[in-house]
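Trainee: One structure coming up, written as structure tokens, with questions to follow.
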Ligand code: NI
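This is the structure in structure tokens:
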């Protein structure tokens, strides 16, 4: 288990009140836990900025009746097969599909994959949850 270090933080009273207000709306039970997660979020952002090995999930919503769109999405995924861990396809209704694509690789390349997928004409929604492999986080 990593050793814990205590340190003091000075900040404006109003800012602390706002922070505590944020905590009330979440499930955090104490400030330390919330600060720890904020630091980790920043470390993950840095991993992405520095083009480290990362993971993430792309979500797409589209109408599967548009065959050219479906083929295009498939072609792009084949171009990046080294970065794709799995693809889950869910039929939302008679027309719409949700695709969740788990990815891994260098940040820059996975962003490129996401940009190519989301820019395909006819994609109704695209989202990208940028995560970490966890290997550089405590
Ligand atoms: Ni479908």
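In my numbering, the protein residues as written are 67 to 204.
Ideal Cβ positions, reconstructed from N, Cα and C, are used throughout, including at glycine.
Does the distance between the C-beta of residue 158 and the nearest non-hydrogen atom of the ligand NI fall short of 8 Å?
Mentor: yes
Trainee: Hey, quick one: how far does the alpha helix (DSSP H) through residue 96 stretch, first residue to last?
Mentor: From DSSP, residue 96 is part of no alpha helix (DSSP H); its letter is neither H nor E.
Trainee: Check whether the segment 95-115 and the segment 139-148 touch, using three or more Cβ-Cβ pairs below 8 Å as the test.
Mentor: no
Trainee: Between 83, 120, 181, which lies nearest to residue 203 when the distance is taken from Cα to Cα?
Mentor: 120
Trainee: Are the beta-carbon atoms belonging to residue 127 and residue 192 less than 9 Å from one another?
Mentor: yes
Trainee: Measuring alpha carbon to alpha carbon, tell me which residue in 95, 194, 162 is nearest residue 132.
Mentor: 162
Trainee: In terms of DSSP beta bridges, what is residue 172 paired with?
Mentor: 119
Trainee: Taking contact to mean at least 3 C-beta pairs separated by less than 8 Å, is the segment 171-187 in contact with the segment 146-155?
Mentor: yes
Trainee: Is residue 147 near the ligand NI, in the sense that its beta carbon is under 8 Å from a heavy atom of that ligand?
Mentor: no
Trainee: Return the chain-ordered list of same chain residues with a C-beta closer than 6 Å to the C-beta of residue 197, the five sequence neighbours on each side being excluded.
Mentor: Cβ neighbours of residue 197 beyond the five flanking positions: 121, 122.
Trainee: In its own chain, which residues sit with a C-beta less than 8 Å from the C-beta of residue 135, not counting the 5 before and 5 after it?
Mentor: 128, 129, 186, 187, 188, 189
Trainee: For the beta strand (DSSP E) that contains residue 136, what are its first and last residues?
Mentor: Where residue 136 is concerned, there is no enclosing beta strand (DSSP E), although the alpha helix (DSSP H) it sits in stretches over 133-145.
Trainee: To which residues does DSSP link residue 78 through a beta bridge?
Mentor: Paired residues: none, contrary to the question.
Trainee: Give the DSSP-derived three-state secondary structure of residue 204 in the structure shown.
Mentor: coil
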